[in-house]
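Top to bottom, those sequences are chains A and B. In short: position in the first sequence from 1, add 192, done, that's this note's numbering. In short: position in the second sequence from 1, add 7, done, that's this note's numbering.
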Amino acid sequence: MFPRVAGLLLALGVAFFPACRRSGERADLTLAGSTSIQPFADKWAEVFMESHPDYGVNVQGGGSSAGIQACKSGACQIGMSSRELKGDEKDLVEIVVARDGLAVIVHPTNPVRGVKLAEVKQIFSGDLRNWKLLGGPDREITVVTREEGSGTRGAFQELVMGKTRIFRGAITEDSNGTVREIVAHDPYSIGFISLGLVNEQVRALELDGAAGNEANILNGSYKLVRPFLFVSLGEPEGHAKAFIDFVLSPEGQELVRKEGLLSVR
Amino acid sequence: MKGRGKTRLERNDRLVRLALLVVAFSAVSVLVVITVFIIEQGTPVMFKYGLKSFLAGKDWYPSEKAFGLLPMIIGSLYVTAGALVIGVPFGLACAVVLTEFSSKRVRRVIKPVIELLAGIPSVVYGFIGVIILVPFIRETFGGPGLSVLAASIILGIMILPTVISISVDSLQAVPPSYREGSIALGATRWQTVKMVLFPAARSGIVASIILGMGRAIGETMATIMIAGNAAEIPGSILKPVRTLTSNIALEMSYATGEHREALFATGVILFIIIMVLNTIANATSAKRRRQP
Chain A
193 MFPRVAGLLL
203 ALGVAFFPAC
213 RRSGERADLT
223 LAGSTSIQPF
233 ADKWAEVFME
243 SHPDYGVNVQ
253 GGGSSAGIQA
263 CKSGACQIGM
273 SSRELKGDEK
283 DLVEIVVARD
293 GLAVIVHPTN
303 PVRGVKLAEV
313 KQIFSGDLRN
323 WKLLGGPDRE
333 ITVVTREEGS
343 GTRGAFQELV
353 MGKTRIFRGA
363 ITEDSNGTVR
373 EIVAHDPYSI
383 GFISLGLVNE
393 QVRALELDGA
403 AGNEANILNG
413 SYKLVRPFLF
423 VSLGEPEGHA
433 KAFIDFVLSP
443 EGQELVRKEG
453 LLSVR
Chain B
8 MKGRGKTRLE
18 RNDRLVRLAL
28 LVVAFSAVSV
38 LVVITVFIIE
48 QGTPVMFKYG
58 LKSFLAGKDW
68 YPSEKAFGLL
78 PMIIGSLYVT
88 AGALVIGVPF
98 GLACAVVLTE
108 FSSKRVRRVI
118 KPVIELLAGI
128 PSVVYGFIGV
138 IILVPFIRET
148 FGGPGLSVLA
158 ASIILGIMIL
168 PTVISISVDS
178 LQAVPPSYRE
188 GSIALGATRW
198 QTVKMVLFPA
208 ARSGIVASII
218 LGMGRAIGET
228 MATIMIAGNA
238 AEIPGSILKP
248 VRTLTSNIAL
258 EMSYATGEHR
268 EALFATGVIL
278 FIIIMVLNTI
288 ANATSAKRRR
298 QP
């Protein structure tokens, strides 16, 4: 049994230091942080390096909080955060590079088409437990949430729940993909994922009468929107500035639009 | 000349002994390093917020500094107990059939096949659970399907190879004279199994159960996939549940600061539980060796 325990703990140790995992090659510029932004940052870095072959851009995950810390300590030049900065993090310079909507999703066969944001809050706080109260079948609602520490959960907490806790009995999964997978197979479930990741397996609910699309987000009627931030210690310069300029350029913004995010231009 | 040769041999001998000692201790030192590391990382936060709030708290909201591990401790125990309820009867029945009620040829085929079960990666068990078992439970019994029941069934299957192979070994170790004596007294084969073999092989069977228990409590991947991971004490076997191992694996990727330390604290508690089980297992198997 000891080798198993040892293996688990060793794996733990390695996993706790995500920043150590992917070094190597030459990196003139390192980005670290939110795993929600990471795939898009990878895309930006890839295209950026095609036009600037003499630059090495290294993108790492680790989560928003870890990325912000890494940026503060100088371990990376740009931190990526999918939540607003808070407390002493506000000293950092922040640049909004894209926006992402959050979608509240249900099974495609669910007769409920839309809910009020206040009802979403009641569902996730455990006060509203049956679909019947929303005009659906007389079945208990299976609530699916993300784990503590996830940027998506942080954004949902901030935008929908406020100070109210997500109730303890909610099923907890550790990625957008698994949440979508569970909702796609359980006809009585509800969950939240990034708007860009909604596909035909699930249906996004209208919130307060507004469907989650670009027009509604821009005119402000769809409220569940979070910023994707790049943060840096002081005004970005050198390689970091060149990269951020590229990200904010029409070409860089076109890339995120293609991937289902909202551009900031 | 003769004396010098002997010295060289002696010197070599000492060198080899020293090298082996270093290698042996490096294995032990890994354990020491891990133990010290998780205790050093995990205990400060436990004492800061009080041992009681960790062990008896029901709220796990690390972002609000609520680190109650009770739902996970109970979750681990429920799931492990469920795995034993399912795995042990099947495992023992299988072991008895293999040793007492089947020919050597059958045993030679079946036993390696069962041991092969141990080689299936846990993620595959989890995947099968999600694809087949979870929808089945949801449609038959209601609830979300991701539940104590689903986790117990899958873990029960996962501990089968451990329970079966160690039980088979200990049943086979019972001297044939016991069996023959019982039959000669007019007992049937089932009576022999029940009244002679089980008592004689008892400590081996107990050890097999405890090792199976260790496997069930330490399992992570399959549990995360099928248990639903709700950090609440489950009210029924159809409710989702989170185990200690799932708690660590689920949240480690984003955890920072005290949240991360609280995950190490979860590891400390898990470590203590597994240590206790291991000690019990060692004690019972030591007892087995002393028996004839």
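Glycine is no exception: its CB is placed at the ideal position from the N, C-alpha and C atoms.
7 Å CB neighbourhood of residue i in its chain, flanking five on each side removed
i, result
"arginine 24 of chain B", "none"
"isoleucine 255 of chain B", "Leu270, Thr273, Gly274"
"glutamate 398 of chain A", "Arg305, Gly306"
"arginine 249 of chain B", "Pro78, Met79, Gly82, Ala234, Asn236, Ala237, Ala238"
"threonine 199 of chain B", "Arg186, Ser189, Ile190"
"glycine 152 of chain B", "Val141, Pro142, Ile144, Arg145"
Residues bridged to residue i (per DSSP)
i, result
"aspartate 292 of chain A", "A:Arg418"
"glutamate 398 of chain A", "A:Gly306"
"valine 423 of chain A", "A:Gly271, A:Glu286"
"glutamine 252 of chain A", "A:Ala224"
"tryptophan 67 of chain B", "B:Phe74"
"isoleucine 315 of chain A", "Answer is none; isoleucine 315 of chain A lacks a bridge partner."
"isoleucine 385 of chain A", "A:Ala295"
"valine 40 of chain B", "Paired residue(s): none; valine 40 of chain B is not in a bridge."
"glycine 264 of chain B", "Per DSSP, none; premise fails for glycine 264 of chain B."
"glycine 235 of chain B", "B:Val248"
Close beta carbons around residue i, own chain, < 8 Å, minus the five adjacent residues each side
i, result
"glutamate 217 of chain A", "In this predicted model, glutamate 217 of chain A has a pLDDT of only 47, less than 50, meaning its place in the structure is not dependable; the value taken from the coordinates is given anyway. Excluding residues within five positions, the ones whose Cβ falls inside 8 Å are Gly248, Asn250."
"serine 317 of chain A", "Met353, Thr356, Arg357, Ile358, Phe359"
"arginine 449 of chain A", "Ser455"
"glycine 133 of chain B", "Ile161, Met228, Ala229, Thr230, Ile231, Met232, Ile233"
"serine 129 of chain B", "Met165, Glu226, Thr227, Met228, Ala229"
"proline 303 of chain A", "Gly327, Gly328, Pro329"
Any C-beta of chain B under 8 Å from that of residue i
i, result
"histidine 377 of chain A", "yes"
"alanine 362 of chain A", "yes"
"serine 317 of chain A", "no"
"glycine 341 of chain A", "yes"
"arginine 372 of chain A", "no"
"glutamate 471 of chain A", "It is not possible to answer for residue 471 of chain A, since the shown part of chain A is limited to 193 through 457."
"aspartate 234 of chain A", "no"
"glutamate 451 of chain A", "no"
"glutamine 261 of chain A", "yes"
"alanine 224 of chain A", "no"
"arginine 305 of chain A", "no"
"aspartate 366 of chain A", "yes"
"threonine 301 of chain A", "no"
Contact set for residue i: own chain, Cβ-Cβ below 6 Å, skip 5 residues either direction
i, result
"threonine 334 of chain A", "Asp378, Tyr380, Ser381"
"valine 203 of chain B", "Tyr185, Ser189"
"glycine 98 of chain B", "Leu167, Val170, Ile171"
"valine 371 of chain A", "Val336, Glu365, Gly383, Ile385"
Chain A contact for residue i (CB, 8 Å cutoff)
i, result
"tyrosine 261 of chain B", "yes"
"glutamate 17 of chain B", "no"
"glycine 152 of chain B", "yes"
"serine 70 of chain B", "yes"
"threonine 286 of chain B", "no"
"proline 51 of chain B", "no"
"leucine 84 of chain B", "no"
"arginine 249 of chain B", "yes"
"proline 128 of chain B", "no"
"proline 142 of chain B", "yes"
"glutamate 268 of chain B", "no"
Closer than 7 Å: residue i CB and nearest the ligand FMN heavy atom
i, result
"glycine 369 of chain A", "No copy of the ligand FMN occurs in the structure displayed, which carries no ligand at all."
query = Would the region 268-287 of chain B and the region 61-76 of chain B be scored as touching if the rule is three or more Cβ pairs under 8 Å?
reply = yes
query = Given 8 Å as the limit, is there contact between the region 409-425 of chain A and the region 276-287 of chain A, that is, 3 or more CB pairs closer than that?
reply = yes
The region 91-109 of chain B in contact with the region 165-183 of chain B per 3-pair CB rule at 8 Å = yes
ask   = What runs of the alpha helix (DSSP H), each 4 residues or longer, lie entirely inside the region 318-349 of chain A?
value = 343-348
ask   = For the region 249-265 of chain B against the region 360-378 of chain A, are there 3 or more C-beta pairs whose distance is under 8 Å?
value = yes
task = Count the CB pairs spanning the region 58-66 of chain B and the region 77-93 of chain B that are closer than 8 Å, and state whether there are at least three.
result = yes
message = Quick check on the DSSP output: what are the complete alpha helix (DSSP H) runs of length 4 or more inside the region 71-108 of chain B, in order along the chain?
response = 77-107
task = Spell out a yes or no on whether the region 86-105 of chain B and the region 214-234 of chain B are touching, meaning 3 or more CB-CB pairs, one atom from each, closer than 8 Å.
result = yes
key: Three or more C-beta pairs below 8 Å linking the region 285-304 of chain A and the region 392-407 of chain A   = yes
ask   = Within the chosen definition, does the region 318-332 of chain A reach the region 207-215 of chain B through at least 3 CB pairs nearer than 8 Å?
value = no
ask   = On the three-pair Cβ rule with 8 Å, is the region 398-407 of chain A touching the region 253-261 of chain A?
value = no
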